[in-house]
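In the numbering used here, the protein residues as written are 7 to 376. Okay, structure first, notes after.
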Amino acid sequence: MDQIDSTDLAVLEAEYKKFKAVKSRSLLKKYLTQDVFDKLKHRVTASGATLYDCIKSGLANPDSSIGVYAPDAESYTLFHELYDPIIDEYHGGFSPKEYHPGINFGTADALGDLNEWGNYVVSTRVRCARSIEGYPFNPLMTSEHYAELEQDVENALDMLDDDLAGYYRSLNRITIQEQDELIAGHLLFKRGDRFLEAADACRFWPDGRGIFLNSDNTLVIWVNEEDHLRIISMQEGGDLAQVYDRFVRAVTALGNRLPFSFSQRLGFLSFCPTNLGTAIRASVHIRLPNLGKDKRILEDAADQFNLQVRGTAGEHSEAKDYTFDISNRRRLGLTEIECLQEMYDGVKEIIRLEKSMDKGNSRSRKNSTY
Ligand code: ADP
Ligand code: ARG
Numbered sequence: 007m008d009q010i011d012s013t014d015l016a017v018l019e020a021e022y023k024k025f026k027a028v029k030s031r032s033l034l035k036k037y038l039t040q041d042v043f044d045k046l047k048h049r050v051t052a053s054g055a056t057l058y059d060c061i062k063s064g065l066a067n068p069d070s071s072i073g074v075y076a077p078d079a080e081s082y083t084l085f086h087e088l089y090d091p092i093i094d095e096y097h098g099g100f101s102p103k104e105y106h107p108g109i110n111f112g113t114a115d116a117l118g119d120l121n122e123w124g125n126y127v128v129s130t131r132v133r134c135a136r137s138i139e140g141y142p143f144n145p146l147m148t149s150e151h152y153a154e155l156e157q158d159v160e161n162a163l164d165m166l167d168d169d170l171a172g173y174y175r176s177l178n179r180i181t182i183q184e185q186d187e188l189i190a191g192h193l194l195f196k197r198g199d200r201f202l203e204a205a206d207a208c209r210f211w212p213d214g215r216g217i218f219l220n221s222d223n224t225l226v227i228w229v230n231e232e233d234h235l236r237i238i239s240m241q242e243g244g245d246l247a248q249v250y251d252r253f254v255r256a257v258t259a260l261g262n263r264l265p266f267s268f269s270q271r272l273g274f275l276s277f278c279p280t281n282l283g284t285a286i287r288a289s290v291h292i293r294l295p296n297l298g299k300d301k302r303i304l305e306d307a308a309d310q311f312n313l314q315v316r317g318t319a320g321e322h323s324e325a326k327d328y329t330f331d332i333s334n335r336r337r338l339g340l341t342e343i344e345c346l347q348e349m350y351d352g353v354k355e356i357i358r359l360e361k362s363m364d365k366g367n368s369r370s371r372k373n374s375t376y
């Protein structure tokens, strides 16, 4: 194993010292104790990543919830004393001795339409992250890596057929106005994420970044944003079975053409430890005027079913018109179909709760003297 050089070590020591004095509720703060820091501070991966590369974002953003990324696949093992407890806590119990189960997409037939119980779900989306073997993750990618990887992916995307067929557009070829329209339509990633920027994940932007869309915008593929690939299936309404069926066909077709990074223990490898294992986030945009009046009640209900609540424009955004993004929180330690089932069952319960508050509201209206 290589050792960090003395200048880099001095910077790392100084930054950690500052961080120790800062208040933060991040998992980085919780698990990067002095003891762990001292154990890891000299280590360097084969592609040159140090502990500083793993924690930079969390040091610069004390309001992070996690605070770490992995600059390359090896970081998850070389710095495991830091990643293990973070992974364990985020994914709701995944000890260092545990192994991610084998891939099992199951069948979409078990899932149905989430609007079966009323028109609460505005749209449904299932996405996963994928990395391509042989490339480091964003902070260690060179401009040649970006160009090469984008070309490999574009060639693979050209082979998608039938309802999956579409076209790839490099961000360099889309005007800012067009990008903003795609972002507003929930199709494209945002620019300038401060957590990614602080992790050195936005270098050479927009080179190598782009978006693929099929003809009806129900299959969306992001290239070289946070991860090498984000594969997304989405549509209006609550037909989770249809969204998932398209998702599985697209992931399988691309997996036959591109070598996805996979670890026996951690499943599919990605830049952020929240996106390991299946790397799946299955979400609904759902309108909850009753539950949404008190965000704490909604958060408590979501916690109970291992769900995560985000705002209408995704992570780190606010909900508009009581429309929330609700998704499975765990992605590692359970199979693909179990992730979907967890979201499906939880959302069903959330809808039941929302409906019961309707009844409560009409009862209190009846009892009111006005
Ligand atoms: P990711 O899902 O890739 O982790 P974000 O939370 O930032 O990233 O979401 C990316 C985009 O996807 C945002 O515009 C968000 O509003 C949109 N989105 C997420 N879930 C849904 C959904 N169920 N329906 C429509 N758009 C969605
Ligand atoms: N690094 C950010 C934080 O710790 C985001 C973590 C999860 N989200 C993600 N897009 N990887 O809050």
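Yeah, the Cβ is synthetic: ideal placement off N, Cα and C, and Gly gets one too. Keep in mind that this is a model prediction, so the values were computed, not measured.
Short Cβ contact (7 Å threshold) for residue i with residue j
i           : j           : result
residue 106 : residue 261 : no
residue 10  : residue 50  : yes
residue 357 : residue 112 : no
residue 233 : residue 145 : no
residue 138 : residue 340 : no
residue 333 : residue 242 : no
residue 120 : residue 320 : no
residue 277 : residue 285 : no
residue 33  : residue 61  : no
residue 109 : residue 279 : no
residue 231 : residue 195 : yes
residue 250 : residue 132 : yes
residue 3   : residue 229 : The first residue shown for the chain is 7 and the last is 376, placing residue 3 beyond what the model contains.
residue 385 : residue 337 : Residue 385 is absent from the model: the chain starts at 7 and stops at 376.
residue 85  : residue 163 : no
residue 43  : residue 22  : yes
residue 266 : residue 136 : yes
residue 360 : residue 272 : no
residue 254 : residue 127 : no
Status (buried if at least 16 other CB within 10 Å, exposed otherwise) for residue i
i           : result
residue 364 : exposed
residue 78  : buried
residue 256 : buried
residue 306 : exposed
residue 220 : buried
residue 172 : buried
residue 281 : buried
residue 226 : buried
residue 348 : buried
residue 240 : buried
residue 224 : buried
residue 114 : buried
Residue i - partner residues in DSSP beta bridges
i           : result
residue 173 : 219
residue 320 : 317
residue 225 : 239
residue 119 : 245
residue 288 : 132
residue 2   : Not covered by the structure: residue 2. The range shown for the chain is 7 to 376.
residue 326 : 329
residue 9   : 49
residue 293 : 329
residue 127 : 292
Cα-Cα separation between residue i and residue j, rounded to whole angstroms
i           : j           : result
residue 215 : residue 200 : 17 Å
residue 308 : residue 150 : 43 Å
residue 27  : residue 198 : 27 Å
residue 329 : residue 292 : 5 Å
residue 46  : residue 303 : 40 Å
residue 322 : residue 141 : 28 Å
residue 153 : residue 143 : 14 Å
residue 310 : residue 148 : 43 Å
residue 8   : residue 55  : 10 Å
residue 63  : residue 236 : 21 Å
residue 259 : residue 362 : 43 Å
residue 191 : residue 66  : 30 Å
residue 211 : residue 325 : 28 Å
residue 300 : residue 315 : 13 Å
residue 288 : residue 346 : 6 Å
residue 18  : residue 83  : 20 Å
residue 101 : residue 89  : 11 Å
residue 181 : residue 175 : 11 Å
residue 209 : residue 203 : 8 Å
residue 117 : residue 134 : 18 Å
residue 38  : residue 122 : 46 Å
Beta strand (DSSP E) segment containing residue i, residue limits
i           : result
residue 281 : That residue, residue 281, is in no beta strand (DSSP E); it is neither H nor E in DSSP.
Continuous alpha helix (DSSP H) stretch holding residue i: start and end
i           : result
residue 330 : Where residue 330 is concerned, there is no enclosing alpha helix (DSSP H), although the beta strand (DSSP E) it sits in stretches over 329 to 334.
residue 137 : Here residue 137 belongs to no alpha helix (DSSP H), and DSSP marks it neither H nor E.
residue 307 : 301 to 310
residue 63  : 57 to 66
residue 23  : 12 to 26
residue 184 : 182 to 190
residue 92  : 86 to 96
residue 338 : Element bounds for residue 338: n/a, residue is neither H nor E.
residue 105 : Careful: residue 105 lies outside any alpha helix (DSSP H) and carries neither H nor E.
Residue i CB to nearest heavy atom of the ligand MG below 6 Å
i           : result
residue 258 : By its list of ligands, the structure shown excludes the ligand MG, since it contains just the ligand ADP and the ligand ARG.
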